[in-house]
Every structure is written in structure tokens, then in C-alpha cells.
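In what follows, a structure is listed as C-alpha cells, so that the remarks can point back to it.
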Amino acid sequence: MLQQTQAARAAVYFQRFVARFPDFSSLADADPDQVLKLWEGLGYYSRARNLQAAAKIIAGRGVFPDTLEGIAALPGVGPYTAGAVAALALGLDHAAVDANVERVLSRSHDIDAPIKERQGRERVRELAAALLPPGRAGDFFQALMELGEVVCRPKNPACGLCPVADLCQARHLGIVAERPVRAKGKSIELITVATAVFRCQGLIFIQRRRPGGAWGNLWEFPGGRVEAGEAPEDAAVRELSEETGFSARVEAPLGVIRHGYTTYRVTLHCYLLAPADPTLPGLPFPVLTAAVESRWASLADLDGLAFPAGHRKLIDSLRADLRFF
DNA sequence: AAAGCGTGGCC
DNA sequence: TGGCCAAGCTT
Numbered sequence: 001m002l003q004q005t006q007a008a009r010a011a012v013y014f015q016r017f018v019a020r021f022p023d024f025s026s027l028a029d030a031d032p033d034q035v036l037k038l039w040e041g042l043g044y045y046s047r048a049r050n051l052q053a054a055a056k057i058i059a060g061r062g063v064f065p066d067t068l069e070g071i072a073a074l075p076g077v078g079p080y081t082a083g084a085v086a087a088l089a090l091g092l093d094h095a096a097v098d099a100n101v102e103r104v105l106s107r108s109h110d111i112d113a114p115i116k117e118r119q120g121r122e123r124v125r126e127l128a129a130a131l132l133p134p135g136r137a138g139d140f141f142q143a144l145m146e147l148g149e150v151v152c153r154p155k156n157p158a159c160g161l162c163p164v165a166d167l168c169q170a171r172h173l174g175i176v177a178e179r180p181v182r183a184k185g186k187s188i189e190l191i192t193v194a195t196a197v198f199r200c201q202g203l204i205f206i207q208r209r210r211p212g213g214a215w216g217n218l219w220e221f222p223g224g225r226v227e228a229g230e231a232p233e234d235a236a237v238r239e240l241s242e243e244t245g246f247s248a249r250v251e252a253p254l255g256v257i258r259h260g261y262t263t264y265r266v267t268l269h270c271y272l273l274a275p276a277d278p279t280l281p282g283l284p285f286p287v288l289t290a291a292v293e294s295r296w297a298s299l300a301d302l303d304g305l306a307f308p309a310g311h312r313k314l315i316d317s318l319r320a321d322l323r324f325f
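If you're matching positions, the first sequence starts at 1 in the UniProt record's numbering and goes up one per residue.
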């Protein structure tokens, strides 16, 4: 949970998660959809799948690995997580280098190579190994992470409060703000998306995304990009048709939701759609092109399923304003 | 090697 | 507001 996620935010999810899955076997035997639901809103959903896969491996063996290599071989466990578990949990002499440690060391030792690229990484790795105090690696790296989060912050570092300010090279050089060296940033793309809440016989059509890629295995409303010059309501009808084969018309606008991503900033234009031909009996049957599974759900049903955060915001707005439901 | 993968907080 | 960032991993 802590991978690319601020600790305070992960903590809330962690408490709920371990209350529901207190050991490896309970997680190994869990319904994957329940695991995903407990991960809803946290992002990077492959972590949830990897964690359950790791739990199955550990539960199957009956023992937790006791070496760095054994830990690192588990799915979803990379260099940082393996080092952190080895050092903090098992007391082994291994480095745990996260973004905090990278930032602290890049300042204390004035690393002038981009910190996210190979050369900068290698410098940090060497430094971390050289500084590692045998027998106390866990305390040491946890302290470095804490120092980075509380004092040696990305912006407005509290150098006046820093216990190691005297040995900080960047501070002596007056270039703390220039460390770590960042790779050149990519601009955020603004995209407009139409989202279709297709209602038929009082039920809402939802579909499950493919396992790979973004939001793998999560449920969603059909939708997609609004083309240049296209009206959002037309895009909602078109996307629904392309993804399901349904013929629909716009019944009402449901509002606009803005949602941020790392590389995109999305504006969701949401519409309530109804069958184009209201005289057709029963629920229409979809021909799925963008999803692997679908279902007709009540508003209450949606609460038990995992949706991307933007779509969850839409569901919340539907429940808050029951004009149409 | 570099891009894909989420989300919300912060300034 | 918009860009940056977080207890990174996988392909």
C-alpha cells in the first residue's frame, strides 16, 4: 500500500484491510472482488492483485521467506519493498531506499545526477550500502524515511530543525532547492470524456474492465473520449453503442466531474441514457467490445463493487441527488 | 530504457 | 489553477 502512496493515506486503508484479512491464508482464500473493493480509491490496483498472489504463495508454503532474495521474488515486491521488509520486519542488514531516502541522500551528499535515472539511482544505492550500520539497518532507514517526510521535505525543507544540517553538502552549497535533480517533467494532458449511465427497467448497465491495463478488473460505466468538434452527449451515445451495441438516447445530463491523474486531467461529462426504442421488452443484451463482463445493477448494488475514483464520485452524486433514481 | 499504472494533497 | 509529488513495480 505504501508504494507511491503517502503513508498517512495508506494507513486508513491498511487498518481496514488487516481487520478483514488478518493473515496470509484469509487473504489467499478471499474473493478477489472483495480485495479489490477494499483497495477502491487507493489506485495502482495491480498492487491488490499482486498482494493476494503473494499471500497465496506464502500460505501455500506455510512460511514467510527469510532472505532478501526470497522476499524480492514475491509478486509486486521490488527493491524498496524487499529491503524494507528485510530490514524493518526481519532485522536483516539491507537498505530500504524510498523517495524520502533518495531525497535526503541526494541533498546530504549533493548528488547531481537525476535521481530517478540510472546513474543517480546507482549513487544512492552505493551510499545507502556504505552508510548502513550493521545490526541497525531497520532503525537507520526508517529514521532516514522519517527525516525525509518530516524535515527534509520536497518543498520548504526545515533545515533549521535538521539534526544533520552540519553535514549536509547541499545546505553548505546553498542548493537544497536544486536537490534532488528531477528529470524533465512531462506536461499533463487535458482530456474530455463522456460517461454513459444507461438505465433500463430501473437498472443501470455496468461493465468490468479487462485484467491488464488501467483499472484492471474494476467496474465502470461505458464511455470514452469526446472527439474534436463532437458534443459530449453525442459522444456518450456513440461510446455506449461502440462498447455495447446498445442504441440509446440522452434522457438527462448528470453533471460534470473533474478528476486528476498523473499524466491526464479528465473532465467527465456524465449523462443518463435510456433505450432509443422504449417499446422493446426486457433488458437488452450487450455485445461487449471494451469489457469482459457486464451486469445490470441497482444503485444500491454499485456500493459493493469497486469503481475507479472518478466513477465512484459519479455514483455518490447520483445517491446525493435522487431526482432520477 | 522508458512508459504505464491512480489518487489526492499541497502550494 | 496547474504542476509536482508520494514508504515503486512491471513490462
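C-beta: ideal position from N, C-alpha, C; glycine also.
State the DSSP-derived secondary structure class of C200, mapped to helix, strand or coil. As a working mapping, residue 200 is identified with position 200 in the first sequence. C200 falls in the strand class under three-state DSSP.
Does the distance from the C-beta atom of L36 to that of Y13 stay below 7 angstroms? Here the question's residue 36 lines up with position 36 in the first sequence. Here the question's residue 13 lines up with position 13 in the first sequence. No.
Which class does P253 belong to by DSSP, given the choice of helix, strand or coil? Locating residue 253 in the first sequence gives position 253, where the first residue counts as 1. In the structure shown, P253 sits in a strand (DSSP, three-state: E or B).
Rounding to the nearest angstrom, what Cα-Cα distance links F325 and D234 in this structure? Here residue 325 is taken as the residue at index 325 of the first sequence, counted from 1. Here residue 234 is taken as the residue at index 234 of the first sequence, counted from 1. When rounded, the distance between both Cα atoms is 23 angstroms.
Report the start-end ranges of each beta strand (DSSP E) in the UniProt domain "Nudix hydrolase" (188 to 320) that is 3 residues or longer and not cut off at the edges. 189 to 200, 203 to 208, 223 to 225, 248 to 260, 264 to 275, 293 to 297
Select from G245, V181, V18 the residue whose C-alpha is nearest the C-alpha of L51. If you number the first sequence from 1, residue 51 lands on position 51. Ranking G245, V181, V18 by Cα distance to L51 puts V18 first.
Is it right to say E220 is buried, meaning 16 or more other beta carbons lie within 10 angstroms of its own, or is it exposed? Locating residue 220 in the first sequence gives position 220, where the first residue counts as 1. Buried is the call here.
Specify the secondary structure class of L2 as computed by DSSP and reduced to three states. In the first sequence, residue 2 corresponds to position 2, counting from 1. Looking at L2 - three-state DSSP - the assignment turns out to be coil, as it is neither helix nor strand.
Rounded Cβ spacing between V181 and D112 (contact assumed at less than 8 angstroms): Taking the first sequence and counting its residues from 1, the one referred to as residue 181 is at position 181. Taking the first sequence and counting its residues from 1, the one referred to as residue 112 is at position 112. About 6 angstroms separates the two Cβ atoms, so the contact holds.
Out of A73, A274, R118, state which residue places its alpha-carbon closest to the alpha-carbon of C200. Position 200 of the first sequence, counted from the start, is the residue given in the question as residue 200. Answer by Cα proximity: A274.
What residue range is occupied by the uninterrupted alpha helix (DSSP H) comprising E40? Within the first sequence, residue 40 is the residue found at index 40, counting from 1. Counting along the chain, E40 falls outside any alpha helix (DSSP H), and DSSP gives it neither H nor E.
For the stretch 101 to 168, list the alpha helix (DSSP H) runs that are entirely contained and at least 4 residues long, ordered along the chain. 118 to 131, 137 to 150
What are the boundary residues of the alpha helix (DSSP H) that G185 is part of? Here residue 185 is taken as the residue at index 185 of the first sequence, counted from 1. No alpha helix (DSSP H) holds G185; DSSP gives it neither H nor E.
Could you check which residue in L161, L132, Q3 has the C-alpha nearest to that of V150? Numbered from 1 along the first sequence, position 150 holds the residue referred to as residue 150. It is L161.
Run of the alpha helix (DSSP H) containing T81, from where it starts to where it stops: Position 81 of the first sequence, counted from the first residue, corresponds to residue 81. Element bounds for T81: 79 to 84.
Among A96, R225, V292, G60, which has the Cα closest to the Cα of A137? Locating residue 137 in the first sequence gives position 137, counting from the first residue. Nearest C-alpha to A137: A96.
Just how far apart, CA to CA, sit N100 and E230? On the first sequence, position 100 is the one that residue 100 refers to. On the first sequence, position 230 is the one that residue 230 refers to. The straight-line gap from Cα to Cα measures roughly 45 angstroms.
Does the count of Cβ pairs from the stretch 197 to 212 and the stretch 290 to 297 closer than 8 angstroms reach three? yes
For Y80 and V256, I'd like the C-alpha separation in whole angstroms. Here residue 80 refers to the residue found at position 80 of the first sequence. Here residue 256 refers to the residue found at position 256 of the first sequence. If you take the alpha carbons of Y80 and V256, they lie about 39 angstroms apart.
Does the beta-carbon distance from residue 330 to A306 come in below 7 angstroms? The shown model of the chain, from 1 to 325, leaves out residue 330, and the question about it has no answer.
Would you kindly work out how many angstroms separate the C-alpha atoms of I315 and P22, rounded to a whole number? In the first sequence, counting from the first residue as 1, residue 315 sits at position 315. In the first sequence, counting from the first residue as 1, residue 22 sits at position 22. Going from the Cα of I315 to the Cα of P22 covers about 30 angstroms.
Evaluate contact between the stretch 247 to 255 and the stretch 209 to 220, counting only Cβ atoms and requiring at least three cross-stretch pairs below 8 angstroms. no
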